[in-house]
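Okay, structure first, notes after.
Protein chains: 2
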Amino acid sequence: MANTKKKLKIHFNPDNIDITVPEGESLLRAAMSAGVHINAACGGNGVCGTCKVLIKKGGVESTRSEKLSPEEYEQGYRLACQSRVITDLVVDIPLESRLETAVLSREAQVVEDGGPKAAEAIATGWSFSPPLNKCYVELSSPTLKDNVSDLSRLLRGLKRRCNLRNVSVDFDIVRKLPPVLRKKDGRVTVTTLVKAVKTKADKRKPTIIEVEPGNTARKHYSLAFDIGTTTVCGQLLDLNRGRVIAEGMAYNGQISYGADVITRIAYSQQPGGLKKLQQAVVATINQIIAELFTQSQIGVEHVGHMIVAGNTVMTHILLGLDPKYIRLAPYTPVASFIPPAKAGSLGIRVGKHVYLFTFPSVASYVGGDIVSGIVGVGVHQRKTLTLYMDIGTNGEIVIGNSDWMVTAACSAGSAFEGGGIKHGMIAASGAIQDFTISPSSLEPELHTIGEEKPRGICGSGLINIIAGLLEAGVIGQNGKFNTDLATKRIRKGSDGYEYVLSWAHETEAGKDIVITEVDIDNLIRAKAAMYAGYQTLTKSVGISCCDTLEQVIIAGAFGSHIDIEKSITIGLLPDIPQDRFIFVGNGSLTGARLTSFSTDLLDDARKVALMMTNLELSERADFMNNYVAALFLPHTHGDEFPNVSKRLAKLQGSKLGRRLAI
Amino acid sequence: MANTKKKLKIHFNPDNIDITVPEGESLLRAAMSAGVHINAACGGNGVCGTCKVLIKKGGVESTRSEKLSPEEYEQGYRLACQSRVITDLVVDIPLESRLETAVLSREAQVVEDGGPKAAEAIATGWSFSPPLNKCYVELSSPTLKDNVSDLSRLLRGLKRRCNLRNVSVDFDIVRKLPPVLRKKDGRVTVTTLVKAVKTKADKRKPTIIEVEPGNTARKHYSLAFDIGTTTVCGQLLDLNRGRVIAEGMAYNGQISYGADVITRIAYSQQPGGLKKLQQAVVATINQIIAELFTQSQIGVEHVGHMIVAGNTVMTHILLGLDPKYIRLAPYTPVASFIPPAKAGSLGIRVGKHVYLFTFPSVASYVGGDIVSGIVGVGVHQRKTLTLYMDIGTNGEIVIGNSDWMVTAACSAGSAFEGGGIKHGMIAASGAIQDFTISPSSLEPELHTIGEEKPRGICGSGLINIIAGLLEAGVIGQNGKFNTDLATKRIRKGSDGYEYVLSWAHETEAGKDIVITEVDIDNLIRAKAAMYAGYQTLTKSVGISCCDTLEQVIIAGAFGSHIDIEKSITIGLLPDIPQDRFIFVGNGSLTGARLTSFSTDLLDDARKVALMMTNLELSERADFMNNYVAALFLPHTHGDEFPNVSKRLAKLQGSKLGRRLAI
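Taken in order, these protein sequences are the chains called C and A. The first sequence: position 129 = 129 (my numbering), numbered continuously. The second sequence: position 285 = 947 (my numbering), numbered continuously.
Written out as structure tokens, the structure is:
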């Protein structure tokens, strides 16, 4: 009966993509099937309002949502997730609902430019010796005097020519030996893999995972991936030369099932939900792999190894492990150290012999991405007391050095990604990023990503705006507007007082773009969570925050774009000399790459995960106290930010002076 | 178009089985599909004539074969392999073409009665400690202070409660942890497996292969199999009590593709041939497993381990390894030490977690069955100089002790299985087994298996008959008939001189059963190959055959039924005191069982396979000399068989005396 449903056509603009779907299909699902990326932060539950689309022709059956204004409804806007297709349609995806793949290249650019190279320079003490090895051997022909089995002959050759001992072999390899060994008269290339060992004394036992006829040793590649909740980044690595030869990024296909890990876990509990999420991220990975092969002109058969860094939830879903109990107290993952899986069995389009390694995690909210990052930048190799932080909705913090490490996750809310901000948006083209304000006229000067007409405010822009407003005295240290100032830009809006950043005629959407007191409050909460997080961590190990920190490493795509001085000004980063800060971009990807190059670092990942002590901040009373104290710009206790306090005092004094002079 | 072929019905007697097949199907294949066992020694090539069937109703399209006499053809006999079904049929399978499952029970009986128990008694120096272990643990519930991952909690529990360290885990297990750990509040039973280690110093690293909710430790079973070319034997073992709890045997389903390993290898080279042979033996294994479960009322889910002993070709085919190069000089197997495979992936109906271990082989024709047998009877544990032999078409010989071992395979031909003997048959009911002859009247006294009317002569019967005829002077030491004797039983037949064992009216088939000079010659060649084999082996290590042998262990179903004295008389077994001989029945199955009980013995199997030096007899000139010298009853050199020679001389003397007296 299902087959007799009417088929309906949908045309999506501006992507110019057509798809045919059965009558009654959800419009969001139709867009996903067509490869049209629609933002659906809440996972299609009609709650977030981000999947707004404009029905240009045809009609949908749809639930009225309070996320749509009466005008919008009148104009034909609907929430894609709440609409069912009942006629042929022409649908426009408005700018604000689109996930544009193009904007990712900006992040990739930055990663390429400075981040990882810096990181490779700061991670020391590892030797180039990939866990995947290719060895070419020429085996003697069997004779009646020497008619050992094909496998024994191969193992003997590996011992003699490649000095490989204690070699084991995957059962699947045994089957292919007879033709492979004979195809080029005993000339074969053997791929072996070693796993991490627990102690230096443990013998490394290589496993044969592939045997090819002839000499293919020159073609020796690996894949390193960072699976983020929002974006997935992959690199194709040349294991002979220790080089990145292609790089690709894409939005994680799971986005349409929800913006954050909690929504994804919830979705995974629906019937078939886990499978769908897994397939979504695997599709993304396959898309990137296809792109890497196209870029590099390298055949899939030459890739022998894959390593993935991801947070605990992303790792669970990729491997098909049920993340259910990560969300429920007491927040237990299925496994922290997960044995390698066959990549092909997960649906990843690489050779059947390729194992997929994942980084071990520390806790439900301190995942393999952080362990990978720490290994990638070598925190565990130095005595230097280091703060490593990945700022985001789920902010992760590590403090320590080669002797000890403590870690915590703090739920900062989504303000850094533009969430909960009236005109917030992700760091895409048109997002206001740079902001300066004239101390006298209080008029702003804005710069957007791509220098396009303003569309909204991204996270790093928000920090710059708030720091600027604070220094200009437009807002006070409590984040409230100084309503006495003589400027039209401060006004009372539907959400309380606001400052107009861009007038309607200047913007892409033709509407004023503002920042409200509610927005400022959201950012203060987010930065307070991060600050209280590392403050609590340092105190837990008996040292004082923050001047004892000898190095602050900021990882993550978001971190790469923030302004250090302004981040200190608002109290997000500690008030210490700027030369102690290092940006490393995608530290997780760096770690994944370096462990592809060095078996030592693969061992280190295990060691690092084990040496990290996780603090559940939500369980600590002092975290709450620190958090409340940090709900101020930069902080309730001025002596925590001595330089900022001094500067603010000076600025206030001069402004007061200037005003008095007027 | 294939579907439009006419469907035809066939009724098989006496099995009373019906099957419907498409027009044109081979009658042999139809019988195989119906589960009707037809002997087809040559693999369906129309060469051996063993698949004779009688068409009672209907007609077949069939090639005329010289294996059928004109009378048989007239009566409606056809070769099943050469016939295509063109009408509905009623087909009788005559006695001589049938493989009756019932006769297997005779062998099983013997194995149960004496063999393996004796073997267990002679294998010493092993402790009861199965490679498969079940451990029940009660895990504490996760709390916020102790929220390690499910896997970490499990590993911690195993360390604390079961003292298991260095545990690894199969990836598939990780996925099932969350529900299993919670189903009975942390009460779980963990199954771990250890593999063989190379040296005592190597740490054993257990792998978790299964986790079940609650306490299932009492249900802890394993399967041991001997995969013979002709028969497959399996035992269900209770790993808690070290006991066999059910046993089953069946003909190897590959029989219909050929009687011996060479024919099977040839078949495996046809398109899809290897797959068909593999499926055939897997079907046989599954049939036995089903029977074991029915007998024991034990659920398949409680079996956690499977170990298989088989010759090199049987092991290759079971695992889907191409046996092609075993048949071609220089006779190389794919692998001698084969990593464990998942039994389920081969189609064997056990739990997904069950690994199938195979015994390592020494060479293409000295397989895991021999290694298993040596381990099973503990040859490697004693200083006693032992000859271990498995007599059959492919006779395997091992000589050695705990310090050294040499081995060889000798191709004896199929006489021991009744092959190449005019009225030869396998050891089934009606086979002449015991034979005595009156020295005066030269009249025989016969006993058949099951005391039924004679149908033919089995291998052990053949030995007894020839020894009897020799001692009575009916044949000379050259195997030729003494045609001067006054008896109607010696006559000239179509194959030269023959002795009538049973007159037509006494037999099942209503035809005379005879033994011919050609038959005798065939047996002499077979026994000469075996004797020359162990004689060459002993000489190769610088000791003299055969009085230096302190123990002779005879393994195999055939060996269990031979008469030692008569076997010495014809020169098959060495002329040493009878108390040095031990019968162990199915030594391979014993070895498989014992290695299920003892990890030490699993290690030993590896050691034994490595310490065995294989001699290619076909490459040695002295083997040919020894063989030619042994083509006499008992041997050309009387001093090799001093006691037999003395007795024969005495008998000849007395007979001569008696005749002179008459």
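Glycine is no exception: its CB is placed at the ideal position from the N, C-alpha and C atoms.
Check whether the Cβ of residue i lies closer than 8 Å to any Cβ atom in chain A.
{"i": "C/VAL174", "result": "yes"}
{"i": "C/LYS324", "result": "yes"}
{"i": "C/ASN147", "result": "yes"}
{"i": "C/LEU537", "result": "no"}
{"i": "C/GLY320", "result": "yes"}
{"i": "C/ASP150", "result": "yes"}
{"i": "C/PRO116", "result": "Its pLDDT being 35, under 50, C/PRO116 is placed unreliably by the model, and the measurement read from it follows with that caveat. By this cut-off, C/PRO116 is not an interface position."}
Which residue marks the beginning of the beta strand (DSSP E) containing residue i, and which one marks its end?
{"i": "C/GLU396", "result": "394 to 400"}
{"i": "C/PHE359", "result": "No beta strand (DSSP E) contains C/PHE359, which DSSP labels as neither H nor E."}
{"i": "A/PHE1097", "result": "1093 to 1099"}
{"i": "C/ARG156", "result": "Run containing C/ARG156: none in the beta strand (DSSP E); it sits in the alpha helix (DSSP H), 150 to 162."}
{"i": "C/ASP390", "result": "386 to 390"}
{"i": "A/LYS1154", "result": "1152 to 1155"}
{"i": "A/THR854", "result": "849 to 855"}
{"i": "A/HIS967", "result": "965 to 972"}
{"i": "A/LYS719", "result": "714 to 719"}
Using the beta-carbon count (16 or more within 10 Å), is residue i buried or exposed?
{"i": "C/SER654", "result": "exposed"}
{"i": "A/GLN957", "result": "exposed"}
{"i": "C/ASN614", "result": "buried"}
{"i": "A/TRP1066", "result": "exposed"}
{"i": "C/PHE128", "result": "exposed"}
{"i": "C/GLN287", "result": "buried"}
{"i": "A/THR925", "result": "buried"}
{"i": "C/LYS566", "result": "buried"}
{"i": "C/ILE437", "result": "buried"}
{"i": "C/LYS145", "result": "exposed"}
Do residue i and residue j have their CB atoms nearer than 8 Å?
{"i": "A/LEU1251", "j": "A/ILE1059", "result": "no"}
{"i": "C/ILE326", "j": "C/ILE370", "result": "no"}
{"i": "C/ILE652", "j": "C/GLY473", "result": "Sequence inspection shows Gln at residue 652 of chain C; the Ile mentioned does not correspond to that position. In contact: C/GLN652 and C/GLY473 (Cβ atoms closer than 8 Å)."}
{"i": "C/GLY214", "j": "C/SER140", "result": "no"}
{"i": "A/HIS1299", "j": "A/GLY1233", "result": "no"}
{"i": "A/ILE944", "j": "A/PHE1019", "result": "Strictly speaking, residue 944 of chain A in this sequence is Val, with Ile absent from that position. Contact flag unset, no."}
{"i": "C/HIS353", "j": "C/LYS607", "result": "no"}
{"i": "A/GLN916", "j": "A/LEU939", "result": "yes"}
Reducing DSSP to helix, strand and coil, say where residue i ends up.
{"i": "C/HIS635", "result": "coil"}
{"i": "A/ILE1232", "result": "helix"}
{"i": "C/TYR77", "result": "strand"}
{"i": "C/CYS233", "result": "strand"}
{"i": "C/ILE245", "result": "strand"}
{"i": "A/LEU843", "result": "helix"}
{"i": "A/GLN931", "result": "coil"}
{"i": "A/GLN1139", "result": "coil"}
{"i": "C/ALA341", "result": "strand"}
{"i": "C/TYR136", "result": "strand"}
{"i": "C/ILE421", "result": "coil"}
For residue i, return the contacting residues in chain D, with the cut-off set at a CB-CB distance below 7 Å.
{"i": "A/ASN973", "result": "Among the protein chains in the structure shown, which are C and A, there is no chain D."}
At what residues does the alpha helix (DSSP H) containing residue i begin and finish?
{"i": "A/LYS667", "result": "First-last for A/LYS667: undefined, no H or E at that position."}
{"i": "A/TYR1161", "result": "No alpha helix (DSSP H) contains A/TYR1161, which is instead part of the beta strand (DSSP E) from 1158 to 1164."}
{"i": "C/GLN535", "result": "517 to 540"}
{"i": "A/ALA1283", "result": "1283 to 1291"}
Quick check on residue i - is its C-beta less than 8 Å from some C-beta in chain C?
{"i": "A/ILE1000", "result": "yes"}
{"i": "A/GLU1278", "result": "yes"}
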